[in-house]
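Participant: Residue numbering for the sequence shown is 321 to 1084, as defined by my numbering.
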Amino acid sequence: MTKNPSSYKKKRKSLNIDSPLHVQGKTQYVDDLPELQGTLFAKVFYSPIAHGKIQHLNLEKATALPGVVRIISHQDIPGENQIGGIVQDEPLLAEEEVHFIGQPIVMVLATSELAAHKAVKAIEIEIAPKEIIVDPKEAYQKGELLSGKRRFQLGNTQEAFEACDFVFEGECDSGGQEHVYLEVQGAYAIPQTNGSIRILSSTQGPTAVQRTAARVLGLSMNQIEVDVNRIGGGFGGKEDQASVWAAMVALGAFLSEKPVKYILERGEDLQMTGKRHPYKSDYKIGLNKDLQIIAFEASYFQNGGAAADLSPAVLERTLFHATNSYFVPNVDVSAYPCRTNIPPNTAFRGFGGPQGMFVIESAIHHAAREIGVKPYEIQEKNLMFDGAEFSYGQIAADSEAHSTWEQARDRYDFNEMQASVEAFNQQHPYIKKGLAFMPVCFGISFTNTMMNQARALVHVYHDGSVGISTGAVEMGQGVSSKMIQIAASAFGLPPESIKLESTNTTRVANTSPSAASATADLNGKALQDACNQILDRLKGLAREVLQLEATTDISFQDELVESNGDNASIAWQELISMAFSRRLNLSAKGHYATPKIYFDKSREKGHPFAYHVYGTAIFEVTVDCIRGNYEFDAVKIVHDFGASMNEAVDLGQIEGGLVQGIGWMTLEELIYNEKGELKSNSLANYKIPDIYSAPKEIHVHYLETEGSELAILKSKAVGEPPLMYGIGAYFALCEAILAYNPEAKIPYSAPMTSEKVLMALYGK
Ligand code: LUZ
Ligand code: MOS
């Protein structure tokens, strides 16, 4: 235990309890746990074609292979063959039809991974092909929607466009994105002696896994225990889609009465799982001669894949963020979740928000080019301000759109950056630099109000040590560190006195997934609630022991329980020991539900977000105009952290989110061909950013604000917002291309790969 309070406080600012384990390779993931004797290995045989009717399935050769224990098809499922979360449209194992390449058809159980692998290769199938759709606009035209259209409106765009001095229309596409979590999907199910099943899962959503497995097995939820120690990255890919593999192994374990494990190979994971939704969109923007945006219309065609998964929720967030950090008085935006024959797309950091923001940023860039001004002149004129209404009815409060923009502009001396870029471009005929601003405004809360609740369980053991459980899943985002900080600061103990337990559905039930950037807020507040209940009991005892008035304030600090006025104190351990001998309850269960939020879907109006997170990034890029290659010289950010409770963890989220966003906008090209085949099917032909493609400099200034009462310890959510800074990469590249070729035709089509840069440089 740290006895020196000042070193403890210093540490608290920068604690990430996971870092030492990670760098020593000691962190344990599902595949690192020792296997129980008799464990069987599962492997899925999946559809080799994107759409068709199964004519014949031959399992004979595969079944006869050594080590093969059983091959499980949809007919063996004791409960429902249905895993759809929002829409009931997704079987666990295909029945008559297949709808994407990678759709699970049967599952092999074998005594080794190799035997399972060989068996899958020996399965023969005949499928009568049906029409394949991969393009969302084509799906829309053919009436293939996964759920209903959504439309958000504010003011009257039709009238407003008539009064505009400038009106521009265009198209804008953004590509998908593979999650590339370092730990691939996987799960391990272990039958228990009482007939229940325990599942170790690499999931962001233990309760989603529990619900899905129970449904497939025809059991009630209390028969399924899900335990998550930590996961090696999620980024949304394991919000819903970890349930598939967990339900598979649970099914195998239930039928074989043996432990069953399935850790996907990277290639299987790339092929079978959904990704960020590609979008195709149409926009129309109207401005007055003062560059104020008067009206904005857009239609978003979301490529949802073959089943709904989380697409309807992702679609909704596209509309919520359609105007990013701008106030636009007249808005009319519609979104369509389109069914196509690729794997069901899913949550990915930003959850449809980035796709929406890219469209309005494209529209602004388009308008700036046509009018003959710089895009930032339009951006700066239209930033959100307190009292302004978002198209969904929420009124902006504590907007930091202006303050982050202005501080970024002045602190990083944008005028000077611009002057030196212009000088550079004049001196260099074949190397050009470009600059772009990227403001971000992201709403914090699940857009589905019901999901904004959390629970926690706290035990104080009678030696004074503390064990805490919450619904939060650690996926590398540092939430474990934050939970420990919260309990440590509540009890006035060093972090070493707090043990964070695994996330387990029997200790904390009915969890929302760790998602929506809200995990630390929701679980942290539930944890505070539990701690406060114990503290209240202890305060009563402390007053009695220290012979103080019932109104005396008691504080818990540095392992001491003190009265603030009277200088009386007792050691934490001593007080706990007394509490135990007096038979006080030293455990508590906490709950939190975000207050005041609501959303009325019939009107598409409400107050869905606890608060918004703001920030502004400035990008500088250098383009080699002979080769089309580029490097980001610097990204300079002013970010609204509120009062950051852990600057190291929060900075890590900014840097990681930024680079992931740049990857989406530049390098990461997800390609499905017209047959629905994934051509970017390995990490050799799907390029993610590495240290060489990361910006050479990243500056992050912490905008110190009041924070929000609804943010944990006033430290605002930080998981997703920085990803959207990455959109600035696209527009900085556009500016560099235009410096070389002012006539360049640049389609708004992300990612802006080197090939596309080259074509734009030399196109007319
Ligand atoms: N997941 C979800 C999310 O179910 N609802 C959301 O609003 C959300 N937002 C961001 C990321 N995941
Ligand atoms: Mo997420 S996209 O917050 O799982």
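Backbone N, C-alpha and C define an ideal beta-carbon position, used for all residues, glycine too. Remember, it's a predicted structure, so these values are computed and weren't measured experimentally.
May I ask which residues mark the beginning and end of the alpha helix (DSSP H) holding Ile804?
Facilitator: For this step, residue 804 is matched to residue 484 along the sequence shown. Unbroken alpha helix (DSSP H) run through Ile804: 799–811.
Participant: Buried or exposed: which applies to Pro340, given that a residue is buried once 16 or more other Cβ atoms fall within 10 Å of its Cβ?
Facilitator: Translated into the one-based positions of the sequence shown, residue 340 becomes position 20. Exposed: under 16 other Cβ atoms inside 10 Å.
Participant: Taking the beta strand (DSSP E) that Leu607 falls in, what are its first and last residues?
Facilitator: Residue mapping note: residue 607 aligns to position 287 of the sequence shown, counting from 1. First-last of the beta strand (DSSP E) with Leu607: 599–607.
Participant: Indicate the three-state DSSP secondary structure (helix, strand or coil) for Tyr455 in the structure shown.
Facilitator: Numbered from its first residue, the sequence shown carries residue 455 at position 135. Note that residue 455 corresponds to Asp in the displayed sequence, not to Tyr. Looking at Asp455 - three-state DSSP - the assignment turns out to be coil, as it is neither helix nor strand.
Participant: If you measure from the CB of Phe766, is any heavy atom of the ligand LUZ nearer than 6 Å?
Facilitator: The count along the sequence shown starts at 1 and reaches residue 766 at position 446. Residue side-chain check: Phe766 places its Cβ nearer than 6 Å to a non-hydrogen atom of the ligand LUZ.
Participant: For Arg689, is the beta carbon positioned less than 6 Å from some heavy atom of the ligand MOS?
Facilitator: The sequence position of residue 689 within the sequence shown is 369, counting from 1. Arg689 Cβ: outside cutoff for every heavy atom of the ligand MOS.
Participant: Since Pro456 and Thr660 should fall inside the 8 Å C-beta cutoff, what is the C-beta to C-beta distance between them, to a whole number of angstroms?
Facilitator: Here residue 456 refers to the residue found at position 136 of the sequence shown. Here residue 660 refers to the residue found at position 340 of the sequence shown. Thr660 and Pro456 do touch by the CB rule: their CB atoms are close to 6 Å apart, below 8 Å.
Participant: Between the alpha carbons of Ile854 and Tyr781, how many angstroms are there, rounded?
Facilitator: For the purposes of this step, residue 854 is taken as the residue at position 534 of the sequence shown. For the purposes of this step, residue 781 is taken as the residue at position 461 of the sequence shown. Cα-Cα distance, rounded: 12 Å.
Participant: Gly976 by DSSP, collapsed to three states: which one?
Facilitator: Mapped onto the sequence shown, residue 976 falls at position 656. Helix at Gly976.
Participant: Taking Cβ positions, are Lys868 and Ser883 nearer each other than 7 Å?
Facilitator: One-based indexing of the sequence shown puts residue 868 at position 548. One-based indexing of the sequence shown puts residue 883 at position 563. Per the sequence shown, residue 868 should be read as Leu rather than Lys. Yes, they are a contact pair.
Participant: Give the range of the alpha helix (DSSP H) segment to which Leu703 is assigned.
Facilitator: Position 383 of the sequence shown, counted from the start, is the residue given in the question as residue 703. Per DSSP, Leu703 belongs to no alpha helix (DSSP H) and is neither H nor E.
Participant: Who are the near neighbours of Ser1069 in its chain, counting only those whose CB is closer than 6 Å to its CB and skipping five residues on each side?
Facilitator: In the sequence shown, counting from the first residue as 1, residue 1069 sits at position 749. Leaving aside the five residues that flank Ser1069 on each side, the residues in its chain whose CB is nearer than 6 Å to its CB run, in chain order, Asp493.
Participant: Run the CB neighbour count on Lys1076, radius 10 Å, all protein chains shown included, and call it buried at 16 or more, exposed below.
Facilitator: On the sequence shown, residue 1076 is found 756 positions in, with the first residue counted as 1. So Lys1076 counts as buried.
Participant: CA-CA distance, Glu1029 and Phe555?
Facilitator: In the sequence shown, the residue the question calls residue 1029 occupies position 709. In the sequence shown, the residue the question calls residue 555 occupies position 235. Cα-Cα distance, rounded: 26 Å.
Participant: Just the Cα atoms here: how many angstroms apart are Ile764 and His437?
Facilitator: The residue labelled residue 764 in the question sits at position 444 within the sequence shown. The residue labelled residue 437 in the question sits at position 117 within the sequence shown. So the alpha carbons of these two residues sit roughly 43 Å apart.
Participant: Given Thr638, which residues of its chain have a CB within under 6 Å of its CB, disregarding the five upstream and five downstream residues?
Facilitator: Taking the first residue of the sequence shown as 1, we reach residue 638 at position 318. Excluding sequence neighbours, Thr638 sits near Tyr620, Ala655, Gly672, Gln675, Gly676.
Participant: I need the straight-line Cα distance from Gly515 to Pro526, nearest angstrom please.
Facilitator: Residue numbering aside, residue 515 sits at position 195 when the sequence shown is read from its first letter. Residue numbering aside, residue 526 sits at position 206 when the sequence shown is read from its first letter. Taking the straight line from one Cα to the other gives about 20 Å.
Participant: Can you check DSSP and say which residues form a bridge with Gln917?
Facilitator: The residue you call residue 917 lines up with position 597 of the sequence shown. The sequence given here places Ile at residue 917; Gln does not occur at that position. In DSSP, Ile917 forms no bridge with anything.
Participant: Which stretch, first to last residue, makes up the beta strand (DSSP E) that contains Leu474?
Facilitator: The residue given as residue 474 occupies position 154 in the sequence shown. Residues 470–474.
Participant: Contact between the segment 353–364 and the segment 572–584 is defined here as three or more beta-carbon pairs at a separation below 8 Å; is this criterion met?
Facilitator: yes
Participant: Quick check on Glu559: does DSSP put it in helix, strand or coil?
Facilitator: Stepping through the sequence shown from its first residue, residue 559 is reached at position 239. Looking at Glu559 - three-state DSSP - the assignment turns out to be coil, as it is neither helix nor strand.
Participant: Give me whichever residues DSSP pairs with Val955 in a beta bridge.
Facilitator: Counting from 1 along the sequence shown, the entry for residue 955 is found at position 635. Paired residue(s): Phe939, Ile1018.
Participant: Look up Lys595 in the DSSP assignment and say whether it is helix, strand or coil.
Facilitator: By one-based count along the sequence shown, residue 595 stands at place 275. In the structure shown, Lys595 falls within a coil segment according to DSSP collapsed to helix, strand and coil.
Participant: Name the DSSP beta bridge partners of Ser883, please?
Facilitator: Numbered from its first residue, the sequence shown carries residue 883 at position 563. Bridge partners of Ser883 according to DSSP: Ile874.
Participant: So the beta strand (DSSP E) Glu479 belongs to, where does it begin and stop?
Facilitator: In the sequence shown, the residue the question calls residue 479 occupies position 159. Taken as a continuous stretch (DSSP letters only), Glu479 belongs to no beta strand (DSSP E), being part of the alpha helix (DSSP H) at 477–482.
Participant: Please work out which residues of its chain come closer than 7 Å, Cβ to Cβ, to Glu416, disregarding the five sequence neighbours upstream and downstream, and give them in chain order.
Facilitator: Taking the sequence shown and counting its residues from 1, the one referred to as residue 416 is at position 96. Result list for Glu416: Lys373, Ile374, in chain order.
Participant: Could you tell me which uninterrupted alpha helix (DSSP H) segments, each at least 4 residues in length, are contained entirely in the segment 525–561, listed from first to last along the chain?
Facilitator: 526–537
Participant: According to the neighbour-count rule (16 or more other Cβ atoms, all chains shown, within 10 Å of its Cβ), is Glu410 buried or exposed?
Facilitator: Translated into positions along the sequence shown, residue 410 becomes position 90. It is buried - the Cβ of Glu410 has at least 16 other Cβ atoms within 10 Å.
Participant: Got a sec: does the ligand LUZ put a non-hydrogen atom nearer than 6 Å to the Cβ of Phe876?
Facilitator: Locating residue 876 in the sequence shown gives position 556, counting from the first residue. It does not: the Cβ of Phe876 is nowhere closer than 6 Å to a heavy atom of the ligand LUZ.
Participant: When DSSP labels each residue in this structure, what does Ala687 get in the three-state scheme?
Facilitator: Translated into the one-based positions of the sequence shown, residue 687 becomes position 367. In this structure, Ala687 counts as helix in the three-state DSSP scheme.
Participant: So what's Ala382 in DSSP terms, helix, strand or just coil?
Facilitator: Residue mapping note: residue 382 aligns to position 62 of the sequence shown, counting from 1. Here Ala382 sits in helix by DSSP.
Participant: Could you name the residues of the same chain whose beta carbon sits closer than 7 Å to that of Ala1014, not counting the 5 residues immediately before and after it, in chain order?
Facilitator: Position 694 of the sequence shown holds residue 1014. Closer than 7 Å at the Cβ level, and outside the excluded window around Ala1014, lie Val979.
Participant: Quick one: does the C-beta of Phe671 sit closer than 6 Å to a heavy atom of the ligand LUZ?
Facilitator: By one-based count along the sequence shown, residue 671 stands at place 351. Yes; taking the cut-off as 6 Å, the Cβ of Phe671 has a heavy atom of the ligand LUZ nearer than that.
Participant: Out of curiosity, what's the CA-to-CA distance linking His419 and Ile662?
Facilitator: Taking the sequence shown and counting its residues from 1, one reaches residue 419 at position 99. Taking the sequence shown and counting its residues from 1, one reaches residue 662 at position 342. In a straight line, the C-alpha of His419 is about 7 Å away from that of Ile662.
Participant: Examine the Cβ distances between the segment 781–792 and the segment 802–817 and report whether three or more of them are shorter than 8 Å.
Facilitator: yes
Participant: Please report the residue range of the beta strand (DSSP E) in which Arg265 lies.
Facilitator: With the chain covering only 321 through 1084, there is no way to say anything about residue 265.
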